[in-house]
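Quick note: the sequence shown uses my numbering, first residue 2, plus one each step. Glycine included, every Cβ here is placed at the ideal spot set by N, Cα and C. Here is the structure we will look at, set down as structure tokens.
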Amino acid sequence: MNIEPIHDGCLRVWLAEEELHQWGLSENQPDPRRVRRLVRQVLASVGRRPARVSAELIPVADGGVLLISPRLYPESGGPAVYGLTDPDALLALWERWPAGEPVPVCALYELGEEYRLAVYPEEPLSPVQMHLLLEYGVPLTGGEGAIAHAAEYGQLIGVGRLFTECEPRPPVPSAPER
Numbered sequence: 002m003n004i005e006p007i008h009d010g011c012l013r014v015w016l017a018e019e020e021l022h023q024w025g026l027s028e029n030q031p032d033p034r035r036v037r038r039l040v041r042q043v044l045a046s047v048g049r050r051p052a053r054v055s056a057e058l059i060p061v062a063d064g065g066v067l068l069i070s071p072r073l074y075p076e077s078g079g080p081a082v083y084g085l086t087d088p089d090a091l092l093a094l095w096e097r098w099p100a101g102e103p104v105p106v107c108a109l110y111e112l113g114e115e116y117r118l119a120v121y122p123e124e125p126l127s128p129v130q131m132h133l134l135l136e137y138g139v140p141l142t143g144g145e146g147a148i149a150h151a152a153e154y155g156q157l158i159g160v161g162r163l164f165t166e167c168e169p170r171p172p173v174p175s176a177p178e179r
């Protein structure tokens, strides 16, 4: 087993065919308890405490790759921050946001040539909403810290239930000083 740390706290675990058989993961539907046990062992071997993670096993030649990622979906009561690379991604997210579902409170910041979208769900988001956030944005670690960074170094564009508005509001220009 070869464990490689990759970006944002994710781990890539290379498993040989024999290791897949040993863990009972070579079957079409591996036992979730065995997967959880393997994930706990991997986290312990790199000095991490068991945490809420997602794991995906991808078959490759002569074995498999287990990708372990911290859960970055926003949960009720805590913010999540997503980086959006351009205005087209932001507008596509607005257009595709599902109507008729709970709308989270958001704060949108412009930071350089990118955007930071802070999402504060009051209740759990639907799978469609979570997947849209992941399709158009890159989840950023840090929660409140990432929001504070965006607030300090970026420009606030809007706050509120932004996904229910027809379009994002442009920032209000300040009065020129004399």
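Counting every other CB atom within 10 Å of its CB across the protein chains shown gives V61 a total below 16, marking it as exposed. About 7 angstroms separates the Cβ atoms of E5 and L12, confirming a contact at the 8 angstroms cut-off.
Looking from the CA of Y116, the closest CA among L91, V104, M131, R97 belongs to L91. Burial state of V129 is exposed, judged by a 10 Å Cβ sphere holding fewer than 16 other Cβ atoms.
Secondary-structure assignment with DSSP links G65 through a beta bridge to L16, P60. With contact defined as three or more Cβ pairs closer than 8 angstroms, the region 155 to 167 and the region 103 to 117 are in contact. Out of W15, Y83, A100, L133, the CA that lies nearest to the CA of A93 is found in L133.
Around the beta-carbon of G146, fewer than 16 other beta-carbon atoms lie within 10 Å, marking it exposed. The region 93 to 158 contains, as complete beta strand (DSSP E) runs of 3+ residues, the segments 106 to 112, 115 to 121, 139 to 141 (chain order).
According to DSSP, E5 shares a beta bridge with R13.
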